[in-house]
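This report refers to the structure that appears directly beneath it.
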Amino acid sequence: MQRDLKILFLDKLTLFIIFLNFSIELFVSGLIFARMVSGFDYFLFIAPGANLMTALVVAFQAGRELFVERALRDLSAYHVTLPVPRRLYVAARIAAGVAKAVIASTPGTLVVIFLYPNLTVFTFLGVYLVLVLFSLAGVAFSIMTAVVSRRTEVFITLRSTIQLYLSFLSTVFYPLEFFPPVLVPFVLANPKTWAVQTFREIVQGNWPVQELLLLSATSLFLAIMAGIIYVRATKM
Amino acid sequence: MTRGFYELILREIRVLVKAPWVVCSRGLFFLIQIFVFAVLMDRVVDAPNFDFFAYYSIGTILVTISSIAFLIGHDVYEEAETGLLDYLLTLPFSRRVYILGRCVGGAFRSMIYVTPMFGLVAVIRGFTGAVELLGALALLFVLAFGITGLSITVAVTIRNQNRFDITLALLELFMIRFSTALYPPVFMPSAVATVSVFSPVTLTSDAVRAVLQGGEASFLGVGGLIAFVIVFFAASTAFYFKRIEGGYFH
Amino acid sequence: MYMITFSGLTKTFKSTAAVNDFTLEIKDGEIMGLLGPNGAGKTTLILTMATVYQPTRGSVIVDGYDVTTRPTEIRSLIGIAFQDPRFDRLLSVLDVLEWHAKITGVPSGERVQRLESVMRRLGLWEVRRQRTWSLSGGMKKKVEDAKIFIQCPRIAVFDEPTAFLDVPSRLLVWDMIKELQEEGRTVILATNMMDEAERLSERVAIMNLGGLVALGSPSDLKQKVKGSEVLEIKPTDPGHVDLERLKRIHGVSKGVISNDILKLFLSRGRERIPRVIDELRQQGVEIESLFLKEATLEDVFLKYTGSNLS
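Same order as they appear, the protein sequences are chains E, D and A. Position 135 of the first sequence, counting from 1, maps to 398 under this note's numbering, and the rest follow consecutively. Position 170 of the second sequence, counting from 1, maps to 237 under this note's numbering, and the rest follow consecutively. Position 194 of the third sequence, counting from 1, maps to 199 under this note's numbering, and the rest follow consecutively.
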């Protein structure tokens, strides 16, 4: 875990560009789209989603790194010979992926939180809980993708399909009522929908316990699945 | 000379064809942008006298072609890092042919990527005039050629991998987001609108829209686009020469 | 008639001279071995000749063309098989070789036949549709060598052509290089392997620190090792050996310790052995083993550079 975080902090310019990307998404694209929409405040609507997009991109790096280590550099063979139990090793990689996603999206998270009035300590805690849970789901998805893919093309295609589903068939960019009925079940089954809805509720001072529990259960389930698949893969 | 030039272009295209999964992923992204994002956002956007879907569908093509054209910088950088450049430089053609071949090949590659997408948008939007369609494709080619030059310039002037990745990503981000590709200037904050005037993506976007909708592209806009191409083709040639002739990498 | 002439060639990168005042003439149709450790300047020399780098000082003339003024003509004469295979990872074996054949001007009538023949000989035919990134190190090396066998250039340059290859493949590549020469091509063979240089090269140029330190046929070079014999001794404690005192023994021309082995270059070795043993005993050095042999190219290299090639 320390190794993964060290690599993240060595790459300060990447952290900067991640934040810059978020800022342009929110303060250029978000603001411009907000001017086209009159029914509700689109800028505040998109802000939590822009932040979760950042977290998702970084969370998916976990799988990319794993795939590169495994398929291209064969670094995994070295890692699994280290005197660390496999389960602990896998848990640490997942935890590191989540930590990296949360750290990299923190500047954006703070910007979004401060866009809303009536901040409390609970708002911070709640938002970070959502970020951690969502990043956990993202890391789990990306690790599963990396482990099941033997070839680069399969990995890239799977990864982009999952990312596209998570981002575009969720309520990040548009409210649920704008979706045609045929797409609604896909949107409701999307962890990113639960995460962004929960995020929006929390920054407005509400605590959607049911959604939080659902997000927690799903993220933990995905993480356990990813862990099992990863441990099996390390045994080769 | 002709053989080398022709084969260099074919090589760029062959590398693209050999990576169908990348084409598929990008194609899927494009389809979702058009049929999910643009359609749904069209319902959300309620600005008077503004057809979001119509505007965004053309913008997506500009964004896609810009992104693809930027890819050549990564190829050139990787070739220098892995030593493939040394091999290419021993082949029997002049440096001028080599650099021109890379730029034209990169632009062709981008066109091959984007032409089916362009065709789809033309069908959806009902653009049928052959002259207009060819004019728009020519403008897209010019933009791709210029971005290829820009991308190669960055690849051969920055030697640190991290800094190179970031610079290229930032350039792409600024050129696209600070342009009229995805949203018209009327909705932009004034600072963004001012900056967007200088983006080659804006110049192309405005010209392509004008041509497709039966109007005339502004002389100033097309002139600006051509100036962008000349500047960055010259820069890529100059910097590439400097690097490869001087053994810059070692 | 010389095909390639290096005259006082110097190539510096910033303040480091990778090649320093290098002069050498290579005859048309000969196989010239370039021997040198990593960092000796072999690759820089080759790439300067191939017009990738411009000389800092001096000149390189290839078939009458100067590298600085007529680079394009030179490129059409040369083909290089690089030490590390250089091709697009995404492309298949056939794509790589076919493209190389086309761009180097192999006539279309001969191309298909040459591609098939070389691929079959090197055992690449079965994997011709496979992407190059998925090949083993040895197969990648064969693809790199195959480019030149298909191209048949006037000047064929091989940089470590048999690295990563198994013994049968190594022998095959050696045969194919010999055939190139028999067809009248000039071959430059940069290698770390003494047996390769000795077996293939008519002349060998030994490079060290960017300069030429010895030149001649393998047998001439071996003769140049005074007395042509080498006494290899494994002492228990190499640190205690006094080389200066050993060199005072009559007939011993040079002494070197490399990888804990003491090597003495001498003449009439059999007669000198008792004296050497006595001297080492006097120095308090015990001997684990002792071996007298004729000088090899490796010994020549050691004599001129003071270090082992490996």
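Note that beta-carbon positions come from the ideal geometry of N, C-alpha and C, so glycine has one too. Bear in mind that the values here come from a model prediction, so they are computed numbers and not experimental data.
Are the beta-carbon atoms belonging to Ala-270/D and Gly-281/D less than 7 Å from one another?
A quick correction: the sequence has Leu, not Ala, at residue 270/D. Contact flag unset, no.
Any contact between the segment 127-136 of chain D and the segment 82-100 of chain D? By contact I mean 3 or more CB pairs, one from each, below 8 Å.
Flag = yes, the segment 127-136 of chain D and the segment 82-100 of chain D touch.
Would you report the Cα separation of Pro-267/D and Ile-179/D, rounded to the nearest angstrom?
20 Å
Name the DSSP beta bridge partners of Arg-62/A, please?
Per DSSP, the beta bridge partners of Arg-62/A are Thr-15/A.
Let me make sure I understand the geometry here. Which of Phe-431/E, Pro-444/E and Val-445/E has the alpha-carbon closest to that of Val-459/E?
Phe-431/E
In this structure, does DSSP put Arg-208/A in helix, strand or coil?
strand
Burial state of Thr-56/A (16 or more Cβ within 10 Å)
buried
Would a C-beta distance cut-off of 7 Å place Ala-203/D and Val-275/D closer than the cut-off?
yes
Please classify Ile-233/D: does DSSP put it in a helix, a strand, or coil?
helix
Looking at the unbroken beta strand (DSSP E) that takes in Asn-381/E, where does it start and where does it end?
Note, Asn-381/E: premise wrong, no beta strand (DSSP E); not H, not E.
So Ala-136/D and Ala-189/D are supposed to be a Cβ contact under 8 Å. How far apart are they, rounded?
Contact doesn't hold; Cβ gap of about 20 Å is too wide.
Hey, how far is the Cα of Glu-464/E from the Cα of Trp-470/E?
7 Å
Nearest by alpha-carbon distance to Val-162/A: which of Ala-151/A, Val-172/A and Leu-170/A is it?
Ala-151/A
Glu-148/D in three-state terms, based on DSSP:
Helix, per DSSP.
Our contact map puts Met-181/A next to Gly-46/A with C-beta atoms below 8 Å; I'd like the distance itself, whole angstroms only.
Actually they are not in contact, since the Cβ atoms of Met-181/A and Gly-46/A sit about 27 Å apart, beyond 8 Å.
Exposed or buried, Lys-147/A, counting other C-beta atoms within 10 Å across all chains shown (16 or more means buried)?
buried
Tyr-307/D touches chain E at which residues, Cβ-Cβ below 7 Å?
Under the 7 Å cutoff, chain E gives no residues; its nearest Cβ is about 25 Å from Tyr-307/D.
Can you list, in chain order, the residues of its chain whose CB lies under 7 Å from that of Gln-156/A, leaving out five sequence neighbours each side?
Gly-84, His-105, Ala-106, Thr-109 and Val-111
Apart from the five residues just before and just after Met-499/E, which ones in its own chain have a Cβ nearer than 6 Å to its Cβ?
Because Met-499/E sits at a pLDDT of 47, beneath the cut-off of 50, its placement in the model cannot be relied upon, and the point is left open.
For Thr-224/D, collect the residues of the same chain with a Cβ closer than 6 Å to its Cβ; drop the 5 residues on either side in sequence, then sort them by chain order.
Phe-306
Find the residues of chain A that neighbour Glu-74/D, judging by a C-beta separation of less than 9 Å, and give them in chain order.
Within chain A, the residues placing a beta-carbon under 9 Å from that of Glu-74/D are Trp-104, Lys-107 and Ile-108, ordered along the chain.
Any idea which residues DSSP pairs Asn-213/A with across the strands?
Gly-216/A
Can you check DSSP and say which residues form a bridge with Glu-237/A?
Lys-268/A and Phe-296/A
Does any C-beta atom of chain D lie closer than 7 Å to the C-beta of Thr-77/A?
At least one chain D Cβ lies under 7 Å of Thr-77/A.
Under a Cβ-count criterion, where at least 16 other Cβ atoms within 10 Å of its own Cβ denotes burial, should Leu-167/D be classed as buried or exposed?
buried
Uninterrupted alpha helix (DSSP H) stretches inside the segment 167-216 of chain D (no shorter than 4 residues)
As summarised for the segment 167-216 of chain D, there are no continuous alpha helix (DSSP H) elements at least 4 residues long confined to that stretch.
Nearest to Phe-290/E by CA position, among Thr-277/E, Gln-324/E, Leu-278/E and Tyr-305/E, is which residue?
Tyr-305/E
Would you call Ala-403/E buried or exposed, if buried means 16 or more other Cβ atoms sit within 10 Å of its Cβ?
buried
Where Phe-87/A meets chain D, residues with beta-carbon distance less than 8 Å
Gly-150, Asp-153 and Tyr-154
Cβ pair count under 8 Å reaching 3, the segment 19-33 of chain A against the segment 272-289 of chain A
The answer is no - the segment 272-289 of chain A does not touch the segment 19-33 of chain A, with fewer than three Cβ pairs under 8 Å.
Below 7 Å between beta carbons: does that hold for Val-178/A and Arg-133/A?
no
Continuous beta strand (DSSP E) stretch holding Glu-440/E: start and end:
Taken as a continuous stretch (DSSP letters only), Glu-440/E belongs to no beta strand (DSSP E), as it is neither H nor E.
One question on the structure: do Ser-482/E and Leu-394/E come within less than 7 Å of each other, judged by their Cβ atoms?
no
Would you tell me roughly how many angstroms separate the C-alpha atoms of Leu-135/A and Ile-262/A, rounded to the nearest one?
Here residue 135/A turns out to be Gln, not Leu, going by the sequence shown. Pairing Gln-135/A with Ile-262/A, the inter-Cα distance amounts to about 48 Å.
Out of Val-494/E, Leu-278/E and Ile-487/E, state which residue places its alpha-carbon closest to the alpha-carbon of Pro-370/E.
Leu-278/E
Rounded to whole angstroms, what's the CA-CA distance from Phe-169/A to Asp-200/A? Just pull it up for me.
The alpha-carbon separation between Phe-169/A and Asp-200/A amounts to approximately 15 Å.
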